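The next block holds one structure in the form of structure tokens; read it before the comments.
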Amino acid sequence: MVLKLWEQQYGPLAENSLNLLVSDVGCEKGRLEACLLQNESFGRRSSISGLQLTLDPVAMSNSQDSTNLLKGDKCKPTEYTKVKNMLLDLQNRRYIAQSKDKTFDEKMVLKKILIDQMFNYFDSDSNGLVDTNELSQILVQQRNIKCSLQQNDAFILLVSVYVIPKLKKVVQLSLPEDQKLSITAATVGQSAVLSCAIQGTLRPPIIWKRNNVILNSLDLEDINDFGDDGSLYITKVTTTHMGNYTCYADGYDKLYQTHILQVNVPPVIRVYPESQAREPGVTASLRCHAEGIPNPQLGWLKNGIDITPKLSKQLTLQANGSEVHISNVRYEDTGAYTCIAKNEAGVDEDISSLFVEDSARKTLANILWREQGLGIGNMFYVFYEDGIKVIQPVECEFQRHIKPSEKLLGFQDEVCPKADADPVQQCVWATAVNVKDKFIYVSQPTLDRVLIVDVQSQKVVQAVSTDPVPVKLHYDKSHDQVWVLSWGNMEKNSPTLQVITQASGSVSHHTIHTQPVGNQFDRVDDFFIPATTLIINHIRFGFILHKDEPVLQKIDLETMSYIKTISLKDYNCIPQSLAYTHLGGYFFICCKPDTTGAVLPQLIVDSVTDSVIGYNGDVTGTPHISPDGHYLVSIDDGKGLMRIQSITMRGEIQDAFDIHTNLHISDVAFQPSFTEAHQYNVYCSSSTQTDVLFVELSSGKVKMVKSLKEPVKAGEWPWNSKNRLIKDSGLFGQYLMTPSKESLFILDGRLNKLNCEITEVERGNTVIWVGEA
């Protein structure tokens, strides 16, 4: 048909033009002529039999005969498309040659004229439809060419013709200037609809992208419904969904609309202490920590009345209102102090009670109240060669010493049985995890087991057998299970993953294996499960890293089975460590150095699409995320560089600022700021030196805590790369602990100095903090 119109206006197509078509399409000349002309003279032919009359590439690709449009024809659909495009280009050149001084818009009009001519050629009764009768008449005139309507249509609309390649640019689309950027706010847990404002009478389907990944083609359970109106529907909004989305009409990506999805989260609040008793004349402090999106505003009531009008030198608010500080307390300061947190998404509150009583008076308050650090909670548990020590950090006092020879509660097994080759009975520990402040699970790699310590009784109550050499534990709070990575042997060539379920239950525990990949366990190198936060209390997926493989294996934590592989091969990245922020749902991946020793930048994976979206700029090193998800701290030991990036409430990853250090950082611990609400500090221990580095993340302020003695040598600590641990003391704790080779050091994070040293604790490099249950 295109050729027919060409011949009517410009005469027969020259033989050299046919040769050009043949060479460009790539078909053999004789076969292409047979496809197009059915062995008739090209110059006399008035129509192209291979040209689909709907001219609809979608219909063409869906047709059952799309790979063989004519009987015996071996031309591919792409070849036909190329022929059509070449013929249309030839026609366009003729028009353009005649309209060199015309504007682009006028050229578009000329293309539209051609479409109208093509359609009117078939629409003999001019009713705007081409039905089978009209088509039959044309076919009879054109010597019974075997063509038909596609997809069993009863007729062809003019709009069907407008999807011809090369002519589709005649579609007129518009986007109001004030709608190029759209901001939508949604509350977590609710649904959200993003509507594309691009309009046009012949608008093609709308395409949606996130981080340059097309969403329409992905089978996402929480993002769907790309309906006729082109809207994007998110069934249950989470913080991972926040960020930028773009929409455009298919084939017209230069005209696009950007949607910023802002996800609001109602405040979640914690106060400390829940209750306290003080004698008259001393100081009392009541603290409040709240998280939400946006950051909540804090306020305090005393017995239901706002305390703001009563503020004085004696009663002050500190750290942006997150702490009530009462100096020289009096009897009338007794009361219920309510912290209230508000933001756009909601309100939360909690009560901290203060009792001011003489020490001689035994009231219910005195009986219920437990002095900070003197109960079973708020303790460091240190696992070292001579057993387990329970340490109260305020006065640096031992509360309990569990000896290696002590028997498990109700069993004959000892905590650390004496090995035949050992001159003295001693313990070997690897890692430990806190399970809801009720139990501590700790691995004994040389005994192929995990011990369970009961916090209430401060006794070892159970030993759980594992595969050989258990080295890494992780508590998955969402599913109340402890994950165990075992090496199989010290050469790490038979690694396995096991899970202990019902971890917080007072039941007899055992391990179960995760599903292997290809019935092989020996590929597991490490695993990563994101931590829960105050506002994110459920984690559904984790990742397993395979030895020397450029992939991440996504695993369902509930079924403990593999569900997807994310390839990193295009980036030549064998993953070494990961960190995750719920703000935008990004995983930051540190890759192992390549074969030349070169260190690659971190990769970023979007958890919404499970797609690699590129490098994290030029940031290298091991990633660590602050508990609120707002700071990414990356440690590149080779470059002596710490890089700190903030992540906004909209999930935007900001540029890094650098801190140069030759400390050779071993481990990091985050601690909420004592001077600013909604901020964190980080402490870094050294694998070779005697100092600890302090960094205020909001400002980059740096300080060193010095003279903490030498750590255990890296070669003497084979279980992981953290030969000098540093452990914080929870959401409200002001103390941190870091071991040296033969001592323990307790730091005061509020005062930013050393609190005390505890000597004669050898190889105490496994430490757990237990708060108030």
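Take the sequence shown: its letter number 67 is residue 67 in UniProt numbering, and every next letter is one higher.
All C-beta atoms, glycine included, are put in the ideal place defined by N, C-alpha and C.
Quick caveat: nothing in here was measured; it's all calculated off a predicted structure.
Does residue i pass the burial test, meaning 16 or more other C-beta atoms within 10 Å, or should it be called exposed?
{"i": "Glu-332", "result": "exposed"}
{"i": "Met-379", "result": "buried"}
{"i": "Asp-125", "result": "exposed"}
{"i": "Leu-286", "result": "buried"}
{"i": "Val-682", "result": "buried"}
{"i": "Lys-477", "result": "buried"}
{"i": "Arg-763", "result": "buried"}
{"i": "Leu-194", "result": "buried"}
{"i": "Lys-753", "result": "exposed"}
{"i": "Ser-322", "result": "buried"}
{"i": "Thr-581", "result": "buried"}
{"i": "Ala-598", "result": "exposed"}
{"i": "Ser-721", "result": "exposed"}
{"i": "residue 774", "result": "The chain is shown from 1 up to 773; residue 774 falls before or after that span and cannot be answered."}
{"i": "Leu-167", "result": "Residue confidence is low: Leu-167 scores 45 on pLDDT, short of 50, so the model does not pin down where it sits. No coordinate-derived value is stated."}
Where do the ends of the beta strand (DSSP E) carrying residue i lie?
{"i": "Asn-343", "result": "335 to 343"}
{"i": "Trp-483", "result": "481 to 486"}
{"i": "Glu-757", "result": "753 to 759"}
{"i": "Ile-746", "result": "743 to 748"}
{"i": "Asp-454", "result": "449 to 454"}
{"i": "Ser-359", "result": "Looking at the DSSP string, Ser-359 is not in any beta strand (DSSP E), and its letter there is neither H nor E."}
{"i": "Cys-684", "result": "680 to 686"}
{"i": "Pro-309", "result": "It is not in any beta strand (DSSP E) - Pro-309 carries neither H nor E in the DSSP assignment."}
{"i": "Glu-397", "result": "397 to 402"}
{"i": "His-289", "result": "284 to 293"}
{"i": "Phe-588", "result": "586 to 591"}
{"i": "Tyr-272", "result": "252 to 272"}
{"i": "Arg-643", "result": "641 to 646"}
{"i": "Cys-573", "result": "Unbroken run through Cys-573: none, as it is neither H nor E."}
{"i": "Ala-185", "result": "181 to 187"}
{"i": "Gly-304", "result": "From DSSP, Gly-304 is part of no beta strand (DSSP E); its letter is neither H nor E."}
{"i": "Asn-616", "result": "That residue, Asn-616, is in no beta strand (DSSP E); it is neither H nor E in DSSP."}
{"i": "Glu-221", "result": "Where Glu-221 is concerned, there is no enclosing beta strand (DSSP E), given that its DSSP letter is neither H nor E."}
{"i": "Ser-666", "result": "665 to 672"}
{"i": "Ser-740", "result": "Here Ser-740 belongs to no beta strand (DSSP E), and DSSP marks it neither H nor E."}
{"i": "Lys-389", "result": "387 to 392"}
{"i": "Lys-564", "result": "561 to 567"}
{"i": "Ile-544", "result": "541 to 546"}
{"i": "Gly-243", "result": "243 to 249"}
{"i": "Glu-696", "result": "692 to 696"}
With a cut-off of 8 angstroms on the beta carbons, I'd call residue i and residue j a contact; round off their distance for me.
{"i": "Asp-728", "j": "Val-705", "result": "Asp-728 to Val-705, Cβ: 14 angstroms. No contact."}
{"i": "Gly-189", "j": "Lys-236", "result": "6 angstroms"}
{"i": "Pro-280", "j": "Arg-210", "result": "In fact, because the Cβ distance is near 60 angstroms, the residues do not count as touching under 8 angstroms."}
{"i": "His-630", "j": "Ile-647", "result": "5 angstroms"}
{"i": "Ala-197", "j": "Ile-234", "result": "Between Ile-234 and Ala-197 the Cβ distance is about 18 angstroms, and since that is not below 8 angstroms, they are no contact."}
{"i": "Val-213", "j": "Ser-567", "result": "Not a contact, Cβ separation roughly 14 angstroms."}
{"i": "Ser-486", "j": "Val-471", "result": "7 angstroms"}
Among the candidates the options, whose CA atom is the shortest distance from the CA of residue i?
{"i": "Arg-650", "options": "Asp-437, Ile-659, His-259, Ile-625", "result": "His-259"}
{"i": "Ala-185", "options": "Asn-120, Leu-261, Ser-405, Tyr-256", "result": "Leu-261"}
{"i": "Arg-278", "options": "Ser-327, Val-767, Val-263", "result": "Ser-327"}
{"i": "Thr-446", "options": "Val-433, Asn-434, Ala-432, Cys-427", "result": "Cys-427"}
{"i": "Thr-431", "options": "Asn-723, Leu-744, Ile-746", "result": "Asn-723"}
{"i": "Lys-302", "options": "Ala-336, Gly-597, Pro-470, Ile-223", "result": "Ala-336"}
{"i": "Ser-352", "options": "Tyr-631, Ile-659, Ile-376, His-325", "result": "His-325"}
{"i": "Phe-674", "options": "Glu-696, Gln-576, Ile-305", "result": "Glu-696"}
{"i": "Phe-398", "options": "Phe-411, Val-761, Lys-342, Gly-200", "result": "Val-761"}
{"i": "Thr-766", "options": "Leu-725, Gln-734, Cys-591", "result": "Leu-725"}
{"i": "Asn-295", "options": "Leu-317, Ile-340, Leu-215", "result": "Ile-340"}
{"i": "Trp-208", "options": "Tyr-248, Leu-181, Asp-219", "result": "Tyr-248"}
{"i": "Ser-686", "options": "Tyr-121, Asp-637, Phe-657", "result": "Asp-637"}
{"i": "Leu-464", "options": "Gly-585, Val-484, Val-455", "result": "Correcting the residue identity first, residue 464 is Val in this sequence and not Leu. Closest by alpha carbon: Val-484."}
{"i": "residue 790", "options": "Thr-239, Thr-620, Ala-579, Leu-583", "result": "The structure shown does not extend to residue 790, since the chain is modelled only from 1 to 773, so the question has no answer here."}
{"i": "Cys-591", "options": "Gly-584, Thr-581, Gly-585, Ile-604", "result": "Ile-604"}
{"i": "Thr-238", "options": "Thr-187, Asn-212, Leu-315, Lys-310", "result": "Thr-187"}
{"i": "Lys-313", "options": "Thr-338, Ile-293, Thr-283, Gln-297", "result": "Thr-283"}
{"i": "Glu-676", "options": "Arg-750, Leu-473, Gly-542", "result": "Arg-750"}
**Message:** Tell me whether the region 173 to 181 and the region 235 to 244 touch, counting them as touching only if at least three CB pairs, one residue from each stretch, are closer than 8 angstroms.
**Reply:** no
**Prompt:** Does the region 658 to 678 come close enough to the region 615 to 628 to have 3 or more Cβ pairs within less than 8 angstroms?
**Reply:** The region 658 to 678 is in contact with the region 615 to 628.
**Request:** Report yes or no: do the region 337 to 346 and the region 683 to 702 share at least 3 C-beta pairs separated by less than 8 angstroms?
**Result:** no
**Request:** Please confirm if the region 570 to 578 is in contact with the region 549 to 562, defined as three or more CB-CB distances below 8 angstroms between the two stretches.
**Result:** yes
**Request:** Pair every Cβ in the region 457 to 470 with every Cβ in the region 394 to 414, then say whether three or more of these pairs are closer than 8 angstroms.
**Result:** yes
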